[in-house]
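Undergrad:
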Amino acid sequence: MENVGLEMFLAVSAVLFVCGVVCMATKRNAIGVLMGVELVLNGANLNLVAFSRYGSLGLDGQVMSLFVIVLAAAEAAAALAIVLAFYNNHMTVDVDQATDLQG
Amino acid sequence: MMSPEFYSEVGNLLMWLLTAAWLLPLLGFVIEIFGGYWSDRKSKTPAYLAVGCIGTGFLLSLVALLTWVDAADLNLWHFGDTESAAVAHHEADAAEAGHEDDHSHSHDHADHSNAHGEHGDAHHDGGHHGGHESHANDPFKTAFAGTFYRLGKYGSLDITLDWYIDGLTVAMFAMVTLIATCIHIFAIGYMSDELTERYEDHFVHTEDGGHFHRVGRFYRFFAYLSLFCFAMLGLVLAGNIFQVFIFWELVGVCSYLLIGFYVERKTASTAANKAFIMNRVGDFGFLIGLMILWTWFGVFQFAETNPETVGSTGLFQMVRTADGELETQGEGREKVVVLQAQQGIHKDGGNPHPTIPYFLLVAAGLGIFGGCIGKSAQFPLQTWLPDAMEGPTPVSALVHSATMVAAGVYLVGRFYPMFTPEVLLVIAYTGCITLFVGATIAVVATDIKKVLAYSTISQLGYMMLALGVGGWLAGLFHLITHAFFKSLMFLCSGSVIHGCHHEQEMTKMGGLAKKMPITCWTMFVGVVAISGLAIPFLGIPKLGAIAFSGYHSKDAIVAAGMTFSSLNPIHSLLFFVPLITAGITAFYMFRMWFMTFFGKPKDQHVYDHAHESPRVMTAPLLILAFFAMFCAIGGENGPLAQLILTTEPVHVAEGAMEAGHIGLNLPGHHQIHEFHASAGAVALLVAFGGTILAYLFYGLGIVDTGAMQKQFGGVHEFLREKWMFDELYEWMWVRPTLVVATWAAAFDRCVLDRFLGFLAGMVVAISSWDRRFDEAVVDRLVNAVGEATSSVGRSLRYVQTGRLRQYVMFIAVSVVMLFFVLFAYLPR
Amino acid sequence: MSTVLFVIYALAASGGALAVVLSQNVVRMAFWLVISLSSVAGLFFLLGADFVGATQLLIYVGGTVVLLIFGVMLTSSGPYGTIKSQPAEVVQAGIIGMAFLALVASTVLSVNWEANEVRLAHANDHAEHGHVHEVSEPESEQGYNPEESGNTTRSLGTALLGVRFDKDLSLESEDGSNHGHTHGNHEVSAGYLLPFEIVSVHLLVVLVGAAYLARAKRRVDVENA
Numbered sequence: 001m002e003n004v005g006l007e008m009f010l011a012v013s014a015v016l017f018v019c020g021v022v023c024m025a026t027k028r029n030a031i032g033v034l035m036g037v038e039l040v041l042n043g044a045n046l047n048l049v050a051f052s053r054y055g056s057l058g059l060d061g062q063v064m065s066l067f068v069i070v071l072a073a074a075e076a077a078a079a080l081a082i083v084l085a086f087y088n089n090h091m092t093v094d095v096d097q098a099t100d101l102q103g
Numbered sequence: 001m002m003s004p005e006f007y008s009e010v011g012n013l014l015m016w017l018l019t020a021a022w023l024l025p026l027l028g029f030v031i032e033i034f035g036g037y038w039s040d041r042k043s044k045t046p047a048y049l050a051v052g053c054i055g056t057g058f059l060l061s062l063v064a065l066l067t068w069v070d071a072a073d074l075n076l077w078h079f080g081d082t083e084s085a086a087v088a089h090h091e092a093d094a095a096e097a098g099h100e101d102d103h104s105h106s107h108d109h110a111d112h113s114n115a116h117g118e119h120g121d122a123h124h125d126g127g128h129h130g131g132h133e134s135h136a137n138d139p140f141k142t143a144f145a146g147t148f149y150r151l152g153k154y155g156s157l158d159i160t161l162d163w164y165i166d167g168l169t170v171a172m173f174a175m176v177t178l179i180a181t182c183i184h185i186f187a188i189g190y191m192s193d194e195l196t197e198r199y200e201d202h203f204v205h206t207e208d209g210g211h212f213h214r215v216g217r218f219y220r221f222f223a224y225l226s227l228f229c230f231a232m233l234g235l236v237l238a239g240n241i242f243q244v245f246i247f248w249e250l251v252g253v254c255s256y257l258l259i260g261f262y263v264e265r266k267t268a269s270t271a272a273n274k275a276f277i278m279n280r281v282g283d284f285g286f287l288i289g290l291m292i293l294w295t296w297f298g299v300f301q302f303a304e305t306n307p308e309t310v311g312s313t314g315l316f317q318m319v320r321t322a323d324g325e326l327e328t329q330g331e332g333r334e335k336v337v338v339l340q341a342q343q344g345i346h347k348d349g350g351n352p353h354p355t356i357p358y359f360l361l362v363a364a365g366l367g368i369f370g371g372c373i374g375k376s377a378q379f380p381l382q383t384w385l386p387d388a389m390e391g392p393t394p395v396s397a398l399v400h401s402a403t404m405v406a407a408g409v410y411l412v413g414r415f416y417p418m419f420t421p422e423v424l425l426v427i428a429y430t431g432c433i434t435l436f437v438g439a440t441i442a443v444v445a446t447d448i449k450k451v452l453a454y455s456t457i458s459q460l461g462y463m464m465l466a467l468g469v470g471g472w473l474a475g476l477f478h479l480i481t482h483a484f485f486k487s488l489m490f491l492c493s494g495s496v497i498h499g500c501h502h503e504q505e506m507t508k509m510g511g512l513a514k515k516m517p518i519t520c521w522t523m524f525v526g527v528v529a530i531s532g533l534a535i536p537f538l539g540i541p542k543l544g545a546i547a548f549s550g551y552h553s554k555d556a557i558v559a560a561g562m563t564f565s566s567l568n569p570i571h572s573l574l575f576f577v578p579l580i581t582a583g584i585t586a587f588y589m590f591r592m593w594f595m596t597f598f599g600k601p602k603d604q605h606v607y608d609h610a611h612e613s614p615r616v617m618t619a620p621l622l623i624l625a626f627f628a629m630f631c632a633i634g635g636e637n638g639p640l641a642q643l644i645l646t647t648e649p650v651h652v653a654e655g656a657m658e659a660g661h662i663g664l665n666l667p668g669h670h671q672i673h674e675f676h677a678s679a680g681a682v683a684l685l686v687a688f689g690g691t692i693l694a695y696l697f698y699g700l701g702i703v704d705t706g707a708m709q710k711q712f713g714g715v716h717e718f719l720r721e722k723w724m725f726d727e728l729y730e731w732m733w734v735r736p737t738l739v740v741a742t743w744a745a746a747f748d749r750c751v752l753d754r755f756l757g758f759l760a761g762m763v764v765a766i767s768s769w770d771r772r773f774d775e776a777v778v779d780r781l782v783n784a785v786g787e788a789t790s791s792v793g794r795s796l797r798y799v800q801t802g803r804l805r806q807y808v809m810f811i812a813v814s815v816v817m818l819f820f821v822l823f824a825y826l827p828r
Numbered sequence: 001m002s003t004v005l006f007v008i009y010a011l012a013a014s015g016g017a018l019a020v021v022l023s024q025n026v027v028r029m030a031f032w033l034v035i036s037l038s039s040v041a042g043l044f045f046l047l048g049a050d051f052v053g054a055t056q057l058l059i060y061v062g063g064t065v066v067l068l069i070f071g072v073m074l075t076s077s078g079p080y081g082t083i084k085s086q087p088a089e090v091v092q093a094g095i096i097g098m099a100f101l102a103l104v105a106s107t108v109l110s111v112n113w114e115a116n117e118v119r120l121a122h123a124n125d126h127a128e129h130g131h132v133h134e135v136s137e138p139e140s141e142q143g144y145n146p147e148e149s150g151n152t153t154r155s156l157g158t159a160l161l162g163v164r165f166d167k168d169l170s171l172e173s174e175d176g177s178n179h180g181h182t183h184g185n186h187e188v189s190a191g192y193l194l195p196f197e198i199v200s201v202h203l204l205v206v207l208v209g210a211a212y213l214a215r216a217k218r219r220v221d222v223e224n225a
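Going line by line, the protein sequences match chains A, B and C. For what it's worth, UniProt numbering labels the leading residue of the first sequence as 1, then goes sequentially. For what it's worth, UniProt numbering labels the leading residue of the second sequence as 1, then goes sequentially. For what it's worth, UniProt numbering labels the leading residue of the third sequence as 1, then goes sequentially.
#1: Could you check the C-alpha separation between N12/B and L65/B for me, to the nearest Å?
#2: What residues of chain B sit near Q102/A, judged by a beta carbon separation below 7 Å?
#3: What are the boundary residues of the alpha helix (DSSP H) that Y149/B is part of?
#4: When you compare only the Cα positions, how much space is there between A788/B and S795/B?
#5: For G61/A, which option in L74/C, L47/C, Q24/C, G62/C has the closest C-alpha, if you only look at C-alpha atoms?
#6: Enumerate, from N- to C-terminal direction, the unbroken alpha helix (DSSP H) stretches of 4 or more residues contained entirely within the segment 420-445 of chain B.
#7: Can you name, in chain order, every residue of its own chain whose Cβ lies under 7 Å from the Cβ of I702/B, other than the five neighbours on each side?
#8: Whose Cβ in chain B lies nearer than 7 Å to the Cβ of V49/A?
#9: Can you pull out the residues from the segment 803-814 of chain B whose beta carbon lies closer than 7 Å to at least one beta carbon of chain A?
#10: Please confirm whether A78/A has its beta-carbon closer than 8 Å to some beta-carbon of chain C.
#11: Would the beta-carbon of F369/B fall within 8 Å of that of L227/B?
#12: What number of angstroms, rounded off, separates the C-alpha of H571/B from the C-alpha of S565/B?
#13: Beta-carbon of A159/C versus every beta-carbon of chain A: anything under 8 Å?
#14: Measuring only the C-alpha atoms, how far is I778/B from I766/B?
#15: Nearest CA to the CA of Y551/B: which residue from A745/B, G680/B, H669/B, A560/B?
#16: By alpha-carbon positions, which one of L465/B, D608/B, T481/B, I448/B ends up nearest to K562/B?
#17: How would you label G130/B, buried or exposed, when you count the other beta carbons within 10 angstroms and need 16 or more for buried?
#18: So S38/C contacts chain A; which residues on that side make the cut at Cβ distance below 7 Å?
Next comes the structure, spelled out in structure tokens:
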């Protein structure tokens with residue numbers, strides 16, 4: 001484990017994060033967008049735990065990541081409910097159709 | 001005479017009683033003036049409230065009077081030994097006062113005896129040195145004084161609200177409240193036609209030929225009456241000359257309001273203005289007097305009598321020594337009056353006492369008396385009073401007896417110690433002229449109220465004359481007796497006017513005795529009283545002659561005048577004029593009575609509709625008639641005179657020889673007493689003469705008055721025109737004022753208006769430029785900012801595509817860009 | 001051994017994430033997401049955060065992804081329903097994503113973490129204790145001991161309650177005297193009890209809200225049908 005440094009974990013989390021962002025930016029399916037969000041959160045989580053291992057954060061990082069996981073679950077539940085409501089109204093999950101707030 | 005404990009106890013009791021009596025009418029005024037608007041106009045509640053206030057005030061005053069008499073330990077019934085009883089009494093008091101002063105002012109007195117020792121007594125012109133060992137708070141031994149509230153202190157001058165209670169104060173309080181109560185009750189009946197929502201004023205004609213209509217002002221009338229009483233009582237209770245001035249002006253304001261009560265009548269509003277402006281002329285003199293007093297004395301208080309305030313002195317104590325003399329130094333223009341005080345404003349080099357130049361003391365006295373001239377309608381400011389008849393009759397009664405005109409006489413009496421012989425002579429001559437002018441005009445007046453008005457002027461002249469010739473007691477005695485019978489006669493005339501439906505011309509009356517007997521015979525009481533009639537040679541022992549109040553007081557005045565002219569033969573006019581006028585007075589009063597109540601009815605319409613007044617109006621007449629008969633019972637040895645006498649300034653009793661610059665001889669009590677009997681006889685004779693003449697002229701009608709008028713056409717016309725005073729003033733003051741005003745108006749139009757127009761034009765021009773600047777620059781700037789914001793918003797609108805994915809892209813791109821910018825431009 | 005495992009897990013996580021991005025089918029995306037998230041859980045285990053890793057597996061893989069799949073089932077209009085993005089968009093997003101990745105990676109690699117850590121600890125120490133004493137060694141400021149890794153459950157539980165084995169208590173018990181941490185200066189951390197409660201209430205509220213949002217229209221639809 002000694003030859004695996006903090007940078008490696010951060011690199012992986014960066015990949016996850018960027019993938020999440022790209023996923024959010026490209027997927028027209030609302031559920032796809034949600035998955036992107038999950039990826040972004042996971043990247044952040046990985047960051048936290050890595051710092052908790054290598055940095056002076058101690059258990060704080062892990063506790064934070066736990067909270068993030070919980071909040072992600074909550075977010076997923078609420079977002080899915082919103083998606084379902086949207087689906088019930090528009091019979092689609094295409095986020096491009098959701099342009100009601102266009103300026 | 002009294003211990004300090006007793007003094008403060010009695011003084012506080014009196015103060016509370018009289019203060020309550022003084023403030024009650026104010027309370028009534030406040031309630032009436034504010035409550036009147038929301039209460040019913042047909043309600044008599046305001047009247048009952050006013051009567052209740054002033055009536056309670058009377059009861060309190062009565063209690064105060066009794067308290068005072070008890071405290072002063074007076075024996076008011078000096079009938080046993082009539083031989084110089086008054087003088088004896090006075091001397092006894094003086095002796096007691098001296099004793100008391102030794103006791104309570106020993107410290108003070110030590111300083112003074114030192115001072116006198118150094119300077120000797122050579123400078124005194126009076127020659128009375130006896131009382132000098134005891135300097136005193138006390139020519140005014142039975143007075144109580146104190147302070148309610150200090151308004152402010154300016155340097156050495158305290159402006160305070162003080163009270164000053166002596167025999168004159170309590171007598172005035174009782175008199176004012178009693179008469180005011182009667183007048184209030186009378187007014188309930190007299191003003192009852194104001195109890196309506198729609199009052200028709202027959203004297204005001206509208207343009208379409210009808211009469212003016214307005215709402216009734218019953219409550220307002222009573223509110224004003226209450227305020228009037230409050231002002232007058234405050235004036236009497238006032239403990240310093242400045243406070244007197246305050247209430248003096250308040251009395252003026254109230255008279256203004258009441259004379260102008262029928263404000264829609266042009267004559268009434270003009271009369272109100274005239275009364276007020278005439279009074280201002282006099283008040284100007286008052287103000288000058290005040291300024292002199294302020295500058296040279298530094299105090300306004302009349303006198304300090306409280307044993308606890310040893311060392312501080314009032315005006316009277318500063319001017320007069322303990323035995324009432326003026327202490328003077330120097331001769332001619334250098335003459336100064338030494339003030340009896342340690343602390344003072346103006347001190348000479350070697351003199352421990354402050355001084356005031358003699359001529360300034362004279363000027364101060366003349367100034368104060370100027371105020372009294374205006375207020376008491378003396379020559380030459382008497383013309384406002386007849387015009388004041390425009391007010392409702394109860395107001396006339398109040399103004400003419402107890403309140404307004406009495407204020408002037410009261411002040412002269414109160415301020416007597418400050419008057420030098422020169423001032424007294426001016427007062428005497430002013431009164432002399434006034435009484436003659438008033439009486440002569442009254443002879444030819446035909447308006448019943450005008451007759452009474454001129455008789456008031458004349459009687460006020462009597463009072464002033466009496467005060468001027470040294471008859472201090474006579475003047476104030478007459479003030480009170482006159483208040484009773486004059487208010488009685490005014491109310492009687494009010495009853496007549498009310499009964500005849502506002503007909504005031506005596507030429508349309510006549511024979512009313514059958515129609516209104518109570519009014520007729522109460523009026524008779526008043527007429528007899530003012531004429532000074534008595535049953536000669538038939539006196540009840542100890543009570544003196546059988547006579548009504550007027551006889552006693554007028555007798556005293558004539559006696560004083562007679563004594564004065566015998567002592568100063570050059571001023572014998574001051575005896576003969578009032579003597580003759582006594583006859584004229586009897587003549588015109590009986591003329592009025594006969595014309596009104598006897599003879600054949602001259603106007604059948606008026607006669608048919610005449611009726612006796614309701615009981616609410618006749619009851620006050622009966623009360624006042626009683627007092628007009630008996631208030632002066634016993635004459636100068638009677639209780640009323642003795643009560644007033646306790647207040648008499650010390651120096652009056654002995655009189656003075658060769659006093660002042662002009663060497664005037666002022667009579668003392670002894671001298672007056674010598675002339676008393678003969679003066680009374682002469683005055684009675686003259687009065688009877690006048691009465692008989694009137695009876696012949698108007699009672700029996702054996703002389704054709706019309707022919708008389710033609711025979712003396714010029715004189716008659718002159719008198720009808722009131723000695724041409726109004727015309728004289730018109731030419732002397734009004735016309736020049738109008739001319740100057742015209743010039744001023746022309747100046748205004750030609751110079752000031754043009755200048756102001758030019759300024760205004762400048763301002764307009766500047767503002768039009770300013771407007772252009774506003775429109776061109778400011779507005780455009782603001783609009784540009786608004787347009788810019790709006791267009792930015794409009795362009796940003798396109799960024800809000802509503803597409804989520806684009807937003808994510810934006811975020812990512814902007815993060816990248818931000819980093820690039822940071823790395824590119826920020827220093828490492 | 002751990003290096004090998006790290007490589008495997010890292011590749012799986014990155015590859016899964018890339019596959020999520022690239023695949024068009026929602027169900028496949030979900031599958032790749034499961035792969036990626038599980039690998040991240042493996043990375044957590046490698047980092048010694050066994051509880052967090054287990055939670056990751058339980059909640060994400062076992063809960064959230066199932067939830068997403070249910071969402072797919074409830075919303076897909078047809079079998080294998082795909083909504084295609086335009087290629088230009090994909091290219092755009094790819095470029096930006098690459099740029100972003102390059103940015104982040106370069107940032108990560110350019111920072112000297114060790115030195116930063118020392119500096120940070122130094123600053124913390126100054127802030128807490130002023131100039132009283134110097135920091136002895138940077139190692140002592142590091143997180144919990146690797147030898148004890150794999151047993152964080154109890155520590156986490158007590159940490160939630162405010163008792164910190166890794167910081168306060170451990171230092172004192174081992175070499176507190178050396179460090180100069182006296183009882184008086186010592187401060188027990190605040191703990192995460194309040195955030196924990198807030199989060200639990202938050203979760204409850206979200207679930208209620210989600211149930212409400214998801215139910216309301218359906219009932220209307222049923223009634224309409």
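Every residue, glycine too, gets a C-beta built ideally from N, C-alpha and C.
TA: The short version:
#1: One-based indexing of the second sequence puts residue 12/B at position 12. One-based indexing of the second sequence puts residue 65/B at position 65. Straight-line Cα distance between these residues: approximately 14 Å.
#2: Numbered from 1 along the first sequence, position 102 holds the residue referred to as residue 102/A. Those are Q800, T801, G802, listed as they occur along chain B.
#3: In the second sequence, residue 149/B corresponds to position 149, counting from 1. Y149/B -> not in any alpha helix (DSSP H); beta strand (DSSP E) instead, spanning 144-154.
#4: In the second sequence, residue 788/B corresponds to position 788, counting from 1. In the second sequence, residue 795/B corresponds to position 795, counting from 1. The straight-line gap from Cα to Cα measures roughly 11 Å.
#5: As a working note, residue 61/A is residue 61 in the first sequence. Measuring from the Cα of G61/A, the nearest candidate turns out to be L47/C.
#6: 421-444
#7: Residue 702/B sits at position 702 when you count from the first residue of the second sequence. Result list for I702/B: L696, in chain order.
#8: Here the question's residue 49/A lines up with position 49 in the first sequence. Here the premise fails: no neighbours, minimum Cβ distance about 23 Å.
#9: R803, L804, R805, V808, M809, A812
#10: One-based indexing of the first sequence puts residue 78/A at position 78. It does: the Cβ of A78/A has a partner Cβ on chain C nearer than 8 Å.
#11: Looking up residue 369/B in the second sequence gives position 369. Looking up residue 227/B in the second sequence gives position 227. Result no, Cβ atoms of F369/B and L227/B do not sit closer than 8 Å.
#12: What you label residue 571/B is simply residue 571 of the second sequence in a count that begins at 1. What you label residue 565/B is simply residue 565 of the second sequence in a count that begins at 1. Cα to Cα, H571/B sits roughly 5 Å from S565/B.
#13: By one-based count along the third sequence, residue 159/C stands at place 159. Output row for A159/C: interface = yes.
#14: Residue mapping note: residue 778/B aligns to position 778 of the second sequence, counting from 1. Residue mapping note: residue 766/B aligns to position 766 of the second sequence, counting from 1. At residue 778/B the sequence reads Val, which differs from the Ile that was named. Cα-Cα distance, rounded: 16 Å.
#15: Here residue 551/B refers to the residue found at position 551 when the second sequence is read from its first residue. When only C-alpha atoms are compared, the closest one is G680/B.
#16: Residue numbering aside, residue 562/B sits at position 562 when the second sequence is read from its first letter. It is Met, not Lys, that sits at residue 562/B in the sequence shown. It is L465/B whose Cα lies nearest to the Cα of M562/B.
#17: Reading the second sequence from its first residue, position 130 is the one you call residue 130/B. Legend: pLDDT at G130/B = 32, less than 50; position of this residue unreliable, no value from coordinates given.
#18: Within the third sequence, the letter at position 38 stands for residue 38/C. Neighbours of S38/C on chain A: none; closest Cβ ~11 Å, over 7 Å.
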